[in-house]
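Sequential numbering from 1 applies to the sequence shown in full-length UniProt numbering.
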Amino acid sequence: MVTETPAVLVVVPAEVAPGDVHPAGNVEVPNPEQESSSLASSEGDPVNDASCTSASPFSYAELEEKLKQIPPGLPLVKPSAQMFEMVETLVSGLRGMASQYDLFTDLLRTTDYVKLITARRENEALRVDLADAKGREESMHARLLEASDEMAGLRGEVRQLRTEVSIEKKQREDLQLRLVAQKEELEREFAAEREEIEAEYQKQVDDTFIFGYRCCMKKNGIKRDVPSIPPGEERNFTTRLLPDSLSLLQFFCYNFSFCIFVYCFKLDTFHGLSNGVPSSFCK
């Protein structure tokens, strides 16, 4: 059931001339319960902040409903208390909108400022990290250059050592070859000198033996090297000595004495050689 309300005039200040008025149609008087319910429903809205609701208890939905209730082309009527109340509600709503706009603008500015400060801090941190990274990179580059220089120096030293080792190896081989050649030459010279010394020694021994033998013959009055047996009597001498045991004993004694003579001759010859003078046989 639709209830009709008396028509009221709506005066809009700062938008029309003082003599002009806008007609208003059937406008319902706002119910306090509806306003409280609308306020309660608008408390959960993030747009309506605690400061805004405490300054002006108003909701956009209520303002929109009240604006829709003013029909266009209403006849001019006298202002009433309801009209002034509605105008007051509209003005408070506009003020709330302006304050909320300012609040939103401040919040946006604050958010932008916080974002700017955060970005600056992040940029400063990034700059510091970048400077540290550049410093580390430069230090690593310097270390790499130093390591490359050291490696080049070590390579040069290795080449020099290899060259020295090859030279020493070649010198060692040449020295070994020279030593082998000298050894062979010394062995040949030693063998030749040994043969020469042995031949000379043997000649000296022979000469000394012959000289001692001659001296011994001269000392004992021996004229010939063999016993002088008259020819024709050798057979008789042997046949005469063999059957007779005494002659056989004499034969052995003769041979034994001859062996002793030879031994004494050799011993005397050895002593004469050691002293460098003729032996006693030559006296």
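Here a beta-carbon is modelled for each residue, glycine too, at the ideal position from N, C-alpha and C.
From a predicted model like this one, the values you see are computed outputs, not experimental measurements.
Would you call Q100 buried or exposed, if buried means 16 or more other Cβ atoms sit within 10 Å of its Cβ? buried
So, with DSSP's three-state summary, where would you put S54? Caution applies to S54, whose pLDDT of 41 falls short of 50 and renders its modelled position unreliable; the value that the coordinates give is listed next. Looking at S54 - three-state DSSP - the assignment turns out to be helix.
How big is the Cα-Cα spacing for E88 and A125? 54 Å
Classification of E195 by the beta-carbon crowding that lies within 10 angstroms, buried from 16 upward: exposed
Rounded separation between L130 and V114 - CA only: 23 Å
Excluding the five sequence neighbours on either side, which residues of its own chain have a C-beta within less than 7 Å of the C-beta of E85, listed in chain order? none
If you reduce the DSSP assignment to three classes, tell me which class N69 lands in. Note that residue 69 corresponds to Gln in the displayed sequence, not to Asn. In this structure, Q69 counts as coil in the three-state DSSP scheme.
To the nearest angstrom, how far is the alpha carbon of G96 from that of K134? 55 Å
Whole angstroms is fine: what's the gap from A147's alpha carbon to Q160's? 20 Å
Residues near D174 by beta carbon distance below 6 Å, same chain, minus five either side: Result list for D174: empty, nothing under 6 Å.
In chain order, what residues of the same chain lie with their CB nearer than 8 Å to the CB of L193, ignoring the 5 residues before and after it? Note that residue 193 is Glu in the sequence shown, not Leu. None.
Quick check: what's the CA-CA separation for residue 290 versus A98? The structure shown does not extend to residue 290, since the chain spans only 1 to 283, so no value can be given for it.
Between the C-alpha atoms of L179 and S166, what's the straight-line distance to the nearest angstrom? 20 Å
What's the C-alpha gap between Q176 and F190? Going by the C-alpha atoms only, they are around 20 Å apart.
Do you know how far the Cα of E168 is from the Cα of A199? For A199 and E168, the distance between alpha carbons rounds to 45 Å.
Which term fits M83, buried or exposed, when burial requires 16 or more other beta carbons within 10 angstroms of its beta carbon? buried
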